[in-house]
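**Q**
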Amino acid sequence: MSLNKKKIFIFLQRNWGRKIGHPIAKRFSDEGASMGALTLKKDYHQGYLNDSFKYDWIASHDDIMNNPKKFLGDDSFSIEEICLDLEIDSIWPFVQSMREHVRNYKNKFFFGSFKQNVTDEDILLYVKAIYKLLLKIKKEFSPEIFILPNFVSLLHIFTYLFCKKNSIKIFAYTTASIKDASIFINDIYESTGRFFEELNQCTKDNKLPIKEELIDEYLEKEFLKFKDDDKKIDFKLDLFINSLRLGKKIYKSLIKKDQSHHKEKENLIGVYQDNLKTRYLIRDYFSYNLNFIKTKKIKYYDLEKINNFVYMPLQFQPEANIDVISVTFNNQIETARQIAMNLPGDLTLVVKDHPEMMGLRSYEYLEKVLKTPNVKLIDSSYKGTYVIRKAKLLIAPVGTSFFEAALMKKPGLMFGNLGTAKILPNTLSIENYKEIPKKIKEIMQMSKDWNDDYMRQLKIIIGCSLNCSMEEENNYTKYWTTKDNSKETFNFIYNQFKNEVNRLI
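In this note's numbering, the protein residues as written are 26 to 530.
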């Protein structure tokens with residue numbers, strides 16, 4: 026179908042914008058579409074302006090974030106007015122996704138101080154500026170559809186809410202219910218889109234969307250991964266490599282330090298990851314290495330000696346899912362404490378840190394978890410699938426662990442509203458901590474009746490995920506996160522985005 030005269034707005038977000046967003050916009054324009062854009066990395070903004078291809082409307086998010094007061098000018102919006110228009114009760118749950126505003130990096134490495142970074146007044150100025158931006162885009166460009174790489178911050182959330190209120194189509198991309206698959210979604214809760222439409226139809230018809238042999242091949246590969254999951258992850262601290270990385274970061278920092286937009290951002294945000302000064306880079310180097318060493322010396326509980334337990338994997342943080350979809354439960358120490366307090370009978374809670382947080386999460390944080398009643402902190406070198414196999418059930422705010430549990434027919438309880446996890450046949454959602462005893466009994470009773478119908482539904486989910494994904498032979502994520510410049514891969518990605526635009530408008 027032709028894109029002629031269609032009005033498409035795209036977020037040119039960091040490297041995704043450079044590798045996928047901008048080339049797609051150019052191709053859409055060649056096919057007759059009118060293109061608008063918001064750039065989300067100032068370092069790339071001028072390059073887009075200098076390109077021979079010109080957007081019909083373009084603005085820099087960095088300019089707005091660095092000086093929201095200037096962008097607002099004489100315009101005035103009340104927070105009540107914004108809430109009424111976007112049909113929300115409060116802005117503050119969504120503010121939690123504003124990492125650089127609500128999390129202080131200056132006081133401690135990797136946001137470890139858990140202190141607010143800017144004043145409430147500055148936060149409210151930014152919220153009002155984003156609302157004005159959306160009104161301005163609608164008035165001056167009138168988009169029929171927004172294309173976003175993901176839903177990860179207040180900007181993305183407000184854009185979705187604005188589109189929903191004004192009947193404007195929107196889509197983004199996310200990880201599917203299963204591993205190694207990604208899908209288009211049409212809402213911040215990852216619960217609507219082509220995948221879900223196909224899944225609902227296939228479930229209704231009890232029909233697999235692709236050949237069963239392909240699904241069985243996928244299952245065989247996943248089950249093979251469980252074969253050696255009793256072998257621990259061998260974490261090694263490489264001081265030489267870390268020192269080389271520090272040198273590179275200091276060199277880049279010295280080049281960037283005098284750029285005007287970095288100075289503007291520093292005036293508002295203060296210390297931030299994109300442009301750390303040398304003293305903070307050195308602090309981070311020593312903090313990481315110290316965390317790594319001290320974390321390995323923590324006196325963890327021995328998993329082999331723990332029976333009758335519920336498993337809660339700590340999530341990587343800051344991170345989009347836990348700070349957007351499960352924001353009520355994003356204080357993970359408090360979540361662990363509340364779960365442990367509400368476990369029925371002689372159940373205990375086993376907690377394991379995310380392996381990618383090794384060295385990033387402070388050892389003091391982990392020691393607080395360790396010293397919480399009815400909580401057993403185990404070494405993060407255990408593989409998650411091995412812990413799930415030994416657990417009675419899995420409980421977590423978000424995460425891919427629910428699919429791994431589904432493969433093992435282990436019950437899962439999920440805090441929050443993540444659509445790609447809620448559809449799994451082993452998972453129930455929880456709205457508050459007091460529901461835990463009741464929900465545990467409910468899911469354990471349900472698990473007694475899991476039979477061939479359970480596996481059939483799981484196969485339908487896997488089939489729909491693979492059928493709607495861009496991750497297998499044409500690796501979407503690899504393309505924009507590496508130096509991959511395959512024309513074949515890009516053409517495949519382009520056609521997927523074009524098809525989604527045509528499906529929606």
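Glycine residues also receive a C-beta, built at the ideal position from the N, C-alpha and C atoms.
Remember, it's a predicted structure, so these values are computed and weren't measured experimentally.
Let me check one thing: in DSSP terms, what residues is I195 bridge-paired to?
**A** I195 pairs with F171.
**Q** Between the region 353 to 366 and the region 211 to 229, can you find at least three pairs of beta-carbon atoms closer than 8 angstroms?
**A** They do not touch, by the three-pair rule.
**Q** Quick check on the DSSP output: the alpha helix (DSSP H) that includes V400 runs from which residue to which?
**A** Premise fails: V400 lies in the beta strand (DSSP E), 400 to 403, not in any alpha helix (DSSP H).
**Q** Where does the unbroken beta strand (DSSP E) through T64 begin, and where does it stop?
**A** Here the beta strand (DSSP E) through T64 covers 59 to 64.
**Q** Kindly confirm or deny that the region 54 to 63 and the region 506 to 521 touch, where touching means at least three C-beta pairs closer than 8 angstroms.
**A** Because the criterion of three Cβ pairs below 8 angstroms is not met, the region 54 to 63 and the region 506 to 521 do not touch.
**Q** Buried or exposed for P398, going by 16 or more other Cβ atoms inside 10 Å?
**A** By the 10 Å Cβ count, P398 comes out exposed.
**Q** Nearest-angstrom Cα distance between D241 and P380?
**A** When rounded, the distance between both Cα atoms is 29 angstroms.
**Q** Per the DSSP calculation, I210 is bridged to which residue(s)?
**A** Looking at the DSSP assignment, I210 forms a beta bridge with A197.
**Q** Roughly how many angstroms separate the alpha carbons of K401 and V376, rounded to a whole number?
**A** Distance between the alpha carbons of K401 and V376 is about 6 angstroms.
**Q** Pick out whichever of L150, L173, L111 has its Cα sitting closest to the Cα of L65.
**A** It is L173 whose Cα lies nearest to the Cα of L65.
**Q** Taking a contact to mean a Cβ-Cβ separation below 8 angstroms, would you say Y326 touches I413 in this structure?
**A** Their beta carbons are not under 8 angstroms apart, which means Y326 does not touch I413 by this criterion.
**Q** Could you tell me the distance, in whole angstroms, from the CA atom of V394 to the CA atom of G424?
**A** Those two C-alpha atoms are separated by around 19 angstroms.
**Q** Determine the contact status of F196 and E525, defining contact as a CB-CB distance below 8 angstroms.
**A** Yes, they are a contact pair.
**Q** In whole angstroms, give me the CA-to-CA distance for A446 and K31.
**A** Straight-line Cα distance between these residues: approximately 34 angstroms.
**Q** Would a C-beta distance cut-off of 8 angstroms place K415 and L328 closer than the cut-off?
**A** In this structure, L328 lies closer than 8 angstroms to K415 by Cβ.
**Q** Can you give the beta carbon distance from L271 to L301, rounded, assuming they're within the 8 angstroms contact cut?
**A** So it is not a contact: roughly 11 angstroms between Cβ atoms.
**Q** For I468, which option in G437, I347, N442, Y313 has the closest C-alpha, if you only look at C-alpha atoms?
**A** Ranking the options by Cα distance to I468, first place goes to G437.
**Q** Could you give the uninterrupted runs of the alpha helix (DSSP H) lying entirely in the region 338 to 380, keeping only those of 4 residues or more?
**A** Entirely contained in the region 338 to 380, the alpha helix (DSSP H) runs reaching 4 residues are, in chain order, 357 to 367.
**Q** Could you name the residues that DSSP lists as bridge partners for I35?
**A** Bridge partners of I35: A62, I172.
**Q** Checking 8 angstroms against the spacing of the C-beta atoms, do F187 and Y198 come in under that value?
**A** The answer is no: Cβ separation not under 8 angstroms.
**Q** Mind reading off the beta-carbon distance from P234 to F34? Whole number of angstroms is fine, and I expect it under 8 angstroms.
**A** Their Cβ separation, rounded to whole angstroms, is 31 angstroms, which puts P234 and F34 out of contact at 8 angstroms.
**Q** Looking only at DSSP bridge pairs, what is T452 linked to?
**A** BP columns for T452 point to G437.
**Q** Which residue's Cα is closest to the Cα of H126: I331, F139, E344, I148?
**A** Measuring from the Cα of H126, the nearest candidate turns out to be I148.
**Q** Would you grab the beta carbon distance between I213 and I193 for me? Rounded to a whole angstrom, and I think it's under 8 angstroms.
**A** 15 angstroms between Cβ atoms; not a contact.
**Q** Sort F134, S387, P422, N442 by Cα distance to K319 and report the nearest one.
**A** That would be S387, whose Cα lies nearest to the Cα of K319.
**Q** Which of the three DSSP states is assigned to W82 in this structure?
**A** DSSP places W82 in strand when its eight states are reduced to three.
**Q** In terms of residues, what are the limits of the alpha helix (DSSP H) holding I420?
**A** Per DSSP, I420 belongs to no alpha helix (DSSP H); it is in the beta strand (DSSP E), 418 to 421.
**Q** Report the residue from A84, K261, M495, P343 whose alpha carbon sits nearest the alpha carbon of E165.
**A** Of the listed residues, the one whose Cα sits closest to E165 is A84.
**Q** Going residue by residue through the region 213 to 238, where are the continuous alpha helix (DSSP H) segments of at least 4 residues, counting only ones entirely within it?
**A** If we require 4 residues or more, the alpha helix (DSSP H) runs fully inside the region 213 to 238 come out as 219 to 230.
**Q** With 16 other CB atoms within 10 Å as the buried threshold, where does Y313 fall?
**A** Buried is the call here.
**Q** Which residues in the same chain as A62 place their Cβ atom closer than 6 angstroms to its Cβ, once the five residues preceding and following it in sequence are excluded?
**A** Contacts found: I35, L37, Y80, I83.
**Q** What are the boundary residues of the alpha helix (DSSP H) that D55 is part of?
**A** First-last of the alpha helix (DSSP H) with D55: 47 to 55.
**Q** Between K189 and E247, is the Cβ-Cβ spacing less than 8 angstroms?
**A** The answer is no: Cβ separation not under 8 angstroms.
**Q** Using the rule of at least 16 other Cβ atoms within 10 Å of the residue's Cβ for burial, across every protein chain shown, is Y276 buried or exposed?
**A** Exposed is the call here.
**Q** For the region 115 to 153, list the alpha helix (DSSP H) runs that are entirely contained and at least 4 residues long, ordered along the chain.
**A** Whole alpha helix (DSSP H) segments, 4+ residues: 117 to 120, 124 to 127.
**Q** Could you tell me which residues DSSP puts in a beta bridge with Y326?
**A** Answer is I403.
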